[in-house]
Amino acid sequence: MTTSTTRRRGRPRSIPEAQRREELLDAAMELFLDQGIELTTVAQIAARAGVASGTVYLYVGSKESLVAALRARFREAMAGEIERLVDGWAGPFAGLIDALVDLTFELHMTHRTEIDLFRRQIPADAIREVAESRRRYNAPLTRAIQQAAARGEAAVPGGDPELLAYLLSGAIEESVYACLTFGFPADAEALRVAARAMAHKLLNPAAGVLAATGGA
200 MTTSTTRRRG
210 RPRSIPEAQR
220 REELLDAAME
230 LFLDQGIELT
240 TVAQIAARAG
250 VASGTVYLYV
260 GSKESLVAAL
270 RARFREAMAG
280 EIERLVDGWA
290 GPFAGLIDAL
300 VDLTFELHMT
310 HRTEIDLFRR
320 QIPADAIREV
330 AESRRRYNAP
340 LTRAIQQAAA
350 RGEAAVPGGD
360 PELLAYLLSG
370 AIEESVYACL
380 TFGFPADAEA
390 LRVAARAMAH
400 KLLNPAAGVL
410 AATGGA
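Counted the way this note's numbering counts, the sequence shown spans residues 200 to 415.
Laid out in structure tokens, this is it:
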């Protein structure tokens, strides 16, 4: 019996529904990361959370529902990090581009295990949910591009800020994932500098000449 399981079983049984659901999601995430999604059973999740299996189905649903809920929660947390950066930025757009690239690298390095877990587990019936989650994730960058373009600080090739945000974030995220997972390219720092340069060249911000070399 693990310490976390013992601790959970000592908690009051009549706790708020939202808290119970979060505890079940936390227990599932621990097991998914420890032994993988396929090898984890609802009974194991229930035991880790200190509840009966029926409680898992009552609050969250099937194991597939747990995976979907965890993926949505994780993506929402990632989106929140991006949104806080964009909404709190008071400097020039050129600096924001660098900060966004750096944050993307930081998030992928910090949460590489979770990202790899969810990338390998996207069933056909979850495509719509993943697409909506992706839209939410890209919304802050889309908004930043729109605002920078209105101030004359950014160009928008093709005239569609949302499409540009998808292309930019997708290219950077896929490259970071390949670097961390497959070791190609091998130099993460060189990739980060190149990603900054690509973003500046694509968006062509007024202050991007120096930043495109990788400088702050």
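Glycine included, C-beta positions come from ideal geometry on N, C-alpha and C.
These numbers come from a predicted model, not from an experiment.
Identify whether residue i lies in helix, strand or coil by the three-state DSSP scheme.
{"i": "T239", "result": "coil"}
{"i": "Q218", "result": "helix"}
{"i": "D386", "result": "coil"}
{"i": "S213", "result": "coil"}
{"i": "A278", "result": "helix"}
{"i": "G369", "result": "helix"}
{"i": "D359", "result": "coil"}
{"i": "A251", "result": "coil"}
{"i": "M397", "result": "helix"}
{"i": "P291", "result": "coil"}
{"i": "R391", "result": "helix"}
When the Cα of residue i is compared with those of the options, which residue comes out closest?
{"i": "E221", "options": "L238, H310, L284 and A271", "result": "A271"}
{"i": "L390", "options": "L223, L402 and A377", "result": "A377"}
{"i": "A325", "options": "V375, V266, A347 and L362", "result": "V266"}
{"i": "L367", "options": "T240, F383, Q320 and N403", "result": "N403"}
{"i": "M308", "options": "I371, D225 and R219", "result": "I371"}
{"i": "L269", "options": "R247, A227, T239 and H310", "result": "A227"}
{"i": "E275", "options": "A353, I314 and L379", "result": "I314"}
{"i": "A353", "options": "P291, I281 and L223", "result": "P291"}
{"i": "R333", "options": "H310, L284, G279 and F383", "result": "G279"}
Throw me the rounded Cβ distance for the residue i and residue j pair, which I believe falls under 8 Å.
{"i": "A293", "j": "N337", "result": "About 20 Å separates the two Cβ atoms, so there is no contact after all."}
{"i": "L232", "j": "M277", "result": "Going by Cβ atoms, the distance from L232 to M277 rounds to 16 Å, so no, they are not a contact pair."}
{"i": "A343", "j": "L295", "result": "6 Å"}
{"i": "E216", "j": "Y258", "result": "7 Å"}
{"i": "I214", "j": "Q320", "result": "Going by Cβ atoms, the distance from I214 to Q320 rounds to 29 Å, so no, they are not a contact pair."}
{"i": "Y360", "j": "A348", "result": "Per the sequence shown, residue 360 should be read as Pro rather than Tyr. At roughly 7 Å, the Cβ-Cβ gap stays under 8 Å, so P360 and A348 are in contact."}
{"i": "L379", "j": "R311", "result": "5 Å"}
Contact the stretch 290 to 301 vs the stretch 383 to 396: 3+ CB pairs below 8 Å: yes
Length-filtered (4 minimum) alpha helix (DSSP H) runs lying within the stretch 297 to 336: 311 to 318
Given 8 Å, three or more beta-carbon pairs between the stretch 242 to 262 and the stretch 339 to 358: no
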